[in-house]
Structures are given as C-alpha cells and as structure tokens.
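Written out below as structure tokens is the structure these notes cover.
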Amino acid sequence: MEPGYPGPERRSKRHHVVYDFAMTTAAARAERRRRIFARDGHRCVYCARVLPEDQLSLDHVEPRRKGGDHSEGNLVTACRACNRAKGGRPAWAYLAAEDDARATFLRYARWIWPRHRRAVEEAARGAANDRHDDPAAGDRRP
Ligand SMILES: [Zn+2]
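Per the numbering used here, the sequence shown starts with residue 22, numbered consecutively.
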C-alpha cells in the first residue's frame, strides 16, 4: 500500500461515494438517452430509419473532443452504422459531401442548436473553413 493511501474504512466510504456518483451519472445518462430517442421518434437523423433502442446511439452533433457539450441541442439520435460513418467528425464535416444524409438531417434534427444547423448548411456551401476566423464571412453569403 502506498504511504498516505486511505485506510480500509475511509477507502470503503470513499468507494461508496464514488459508486453512488457513478450510479447517478449512469442513471442520468440512461434517462437522457431515452429522452432524446423519444424526442426524435427513435429515428436516425442521418438515414431516417426508425429502429429499436438497442440499435440506436446518442450522437454529439459537435463532438465532445471538439468542444461540444451534452446539451440536448447538441445531441441527436443516430443508428450505429451512421454514427460509425460519421466517426469523430462534427456533423457538418460528415454531411458536407453527403447530400442525402444532409437533407435527412436538416429535416429530422429539428431540436439542435440553430448554430449547428447553420454550420451544416454553410459547410455544404463550402463556407465552413473560414467560418470561425473571418468576421466578414457572413457578408459573402449568397
Ligand atoms: Zn442511420
């Protein structure tokens, strides 16, 4: 045992707290999954298929690694195949060259943040690259 490591009593209490926290988090996450799936009618927003819960996944429109959060405006229902195809990319990067999936997404992902929606539309027009850096980008919109 390393010096300073909690003794058995403290450790079990600590373990308990960690366990409770994990349960709360897991329960909250399961709740959120069900809520998002229900909100989206159990329909994958990328391919429009309606599927049972065990074939669905929760997709971050803007991935966590790229700064996306767990808010419901950043979460959509996606089937496992579409989620895999999208990979770690933001939805707008995945959808820029996928016309059918983009049309489906814009039709069914009704609850996402408006800025995400705009990003998908802009990426399709090839304006995604300088969107964040160039304040004049908006002036060049068609
Ligand atoms: Zn799908």
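Ideal placement from N, C-alpha and C gives every residue a C-beta, glycine not left out. Quantities reported herein were computed from a predicted structural model and do not represent experimental measurements.
query = Whose beta carbon lies closer than 5 Å to any heavy atom of ligand 1, going through the chain in order?
reply = Counting every residue whose Cβ lies closer than 5 Å to a heavy atom of ligand 1, we get C65, Y67, C68, C100 and C103.
* **Cβ neighbours of A122 in the same chain (closer than 7 Å, five flanking residues each side left out)** => Here the set comprises Y67, C68 and L116.
Relative to the C-alpha of V82, which candidate in H63, D75 and H91 has its C-alpha closest?
Of the listed residues, the one whose Cα sits closest to V82 is H91.
I need the boundaries of the alpha helix (DSSP H) containing H166, first residue and last residue.
No answer is possible for residue 166: the residues shown for the chain start at 22 and end at 163.
Using CA atoms only, rank isn't needed, just tell me which of R105, L96 and A145 is closest to A58.
Checking the displayed sequence, the identity of residue 58 turns out to be Phe instead of Ala. Scanning R105, L96 and A145 for the CA closest to the CA of F58 turns up L96.
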